[in-house]
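*Asks:* Sharing a structure, written as structure tokens. Questions coming.
Residue numbers (the numbering used here): 361 to 651.
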């Protein structure tokens, strides 16, 4: 008999990451990476702070050259106000109307099977008439991912994503997260964000969605295609990958759905995010760009 899971050992804690406690080897890698960043943009720390470089270095297993390519992409996205980055002058509270739809839930506990965070994306209160589109969801999610990575264990172990299409008509799905968007979402995450995506589990999708996804699959790399699991109505199949003790009851788990705790924590950093964005705006102006 296996020992029972002690959930307190897997509690998500977004206060564990502090750059001051990093090893001298890590500090040295940060200095090397910063020097390379300064080579492409003077004052790069205003756009990509040292703590973000640590996350990138961890993701790239401390390969400074690979980390530089990712950090440079982050910098370019920020200066170009790419949708994969936070907009100037805003913070998470400005996207409260997106979060209020209850479409996003970061489970309170990490997965005991592999230590990963588990994110559930569902319809919640979203409808096509809600006035919230894919672009707004994508921008709001940049704060979510960044804040998740304040947990050391999530940096190390990555995340699993559950897309639950229950209650969504196919026409709604094509607006909420259409199959053809999945390759670009994965590409943006894996190419410009230091979060390891272990898998995307899709549940309660209509059969016609599988057909649409098959058309999008050729645009995925083999590695990313292998990460996508289509479970349909077989919710129990999730339990092979994610311990049911941490899953919400609507996914045949043991927990009540609850996402407010995360957004309270995220919103506590609103002023920090706004200040960071203003530094990035100034750096953009210094580079001669109109913002």
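Glycine is no exception: its CB is placed at the ideal position from the N, C-alpha and C atoms.
Keep in mind the model is a prediction, meaning the values are calculated, not measured.
1. Contact between the segment 624–634 and the segment 414–423: three or more CB pairs below 8 Å?
2. From residue 429 to residue 392, what does the alpha carbon distance come to, in whole angstroms?
3. In terms of DSSP beta bridges, what is residue 369 paired with?
4. Which runs of the alpha helix (DSSP H) fall wholly inside the segment 469–525 and span at least 4 residues, in chain order?
5. Roughly how many angstroms lie between the CA atoms of residue 503 and residue 462, to the nearest whole one?
6. By DSSP, does residue 361 sit in helix, in strand, or in coil?
7. Excluding the 5 residues preceding and the 5 following residue 608 in the sequence, name in chain order all residues of the same chain whose CB lies nearer than 6 Å to its CB.
8. In whole angstroms, give me the CA-to-CA distance for residue 585 and residue 557.
9. Using DSSP's beta-bridge definition, name the partner residues of residue 559.
10. Could you check the C-alpha separation between residue 320 and residue 472 for me, to the nearest Å?
11. One question on the structure: do residue 559 and residue 516 come within less than 8 Å of each other, judged by their Cβ atoms?
12. Keeping to the same chain, check which residues put their C-beta closer than 7 Å to that of residue 476; ignore five residues upstream and five downstream.
13. Where does residue 608 sit, in a helix, a strand or coil, going by DSSP?
14. Considering residue 592, what are the terminal residues of the alpha helix (DSSP H) in which it resides?
15. Could you tell me the distance, in whole angstroms, from the CA atom of residue 479 to the CA atom of residue 460?
16. Across the segment 574–585 and the segment 493–507, are there enough close Cβ pairs to call them in contact, namely three or more that are closer than 8 Å?
17. Find out if the Cβ-Cβ distance for the pair residue 569, residue 533 is shorter than 8 Å.
18. So, at 7 Å on beta carbons, what are the nonlocal neighbours of residue 486 in its own chain, with the 5 sequence-adjacent residues on each side left out?
19. Just confirm the distance between the C-beta atoms of residue 438 and residue 635, as a whole number of angstroms; I'd bet it's less than 8 Å.
20. So what does DSSP say about residue 615, is it helix, strand or coil?
21. Quick check on this structure: which residue in 396, 524, 579, 409 has the alpha carbon closest to the alpha carbon of residue 565?
22. Bridge partners of residue 464, per DSSP?
23. Say whether chain C places a C-beta atom closer than 8 Å to the C-beta of residue 607.
*Replies:* The structure says:
1. Two segments are said to touch when three or more pairs of C-beta atoms, one from each, lie closer than 8 Å; by this definition the segment 624–634 does not touch the segment 414–423.
2. 13 Å
3. Residue pairing for residue 369: DSSP places it in no beta bridge.
4. 494–508, 512–517
5. 16 Å
6. Model confidence at residue 361 stands at a pLDDT of 44, short of 50, so the residue's coordinates are unreliable and nothing is read from them.
7. 615, 617
8. 12 Å
9. 520
10. Residue 320 falls outside the range modelled here, since the chain spans only 361 to 651, and no answer is possible.
11. no
12. 470, 517, 518, 519, 520, 558
13. strand
14. Segment 588–592 is the beta strand (DSSP E) holding residue 592; no alpha helix (DSSP H) there.
15. 16 Å
16. no
17. yes
18. 461, 463, 492, 536
19. The Cβ separation is near 14 Å, so there is no contact.
20. strand
21. 524
22. By DSSP's assignment, residue 464 forms a beta bridge with 481.
23. No chain C appears in this structure, which consists of one protein chain only.
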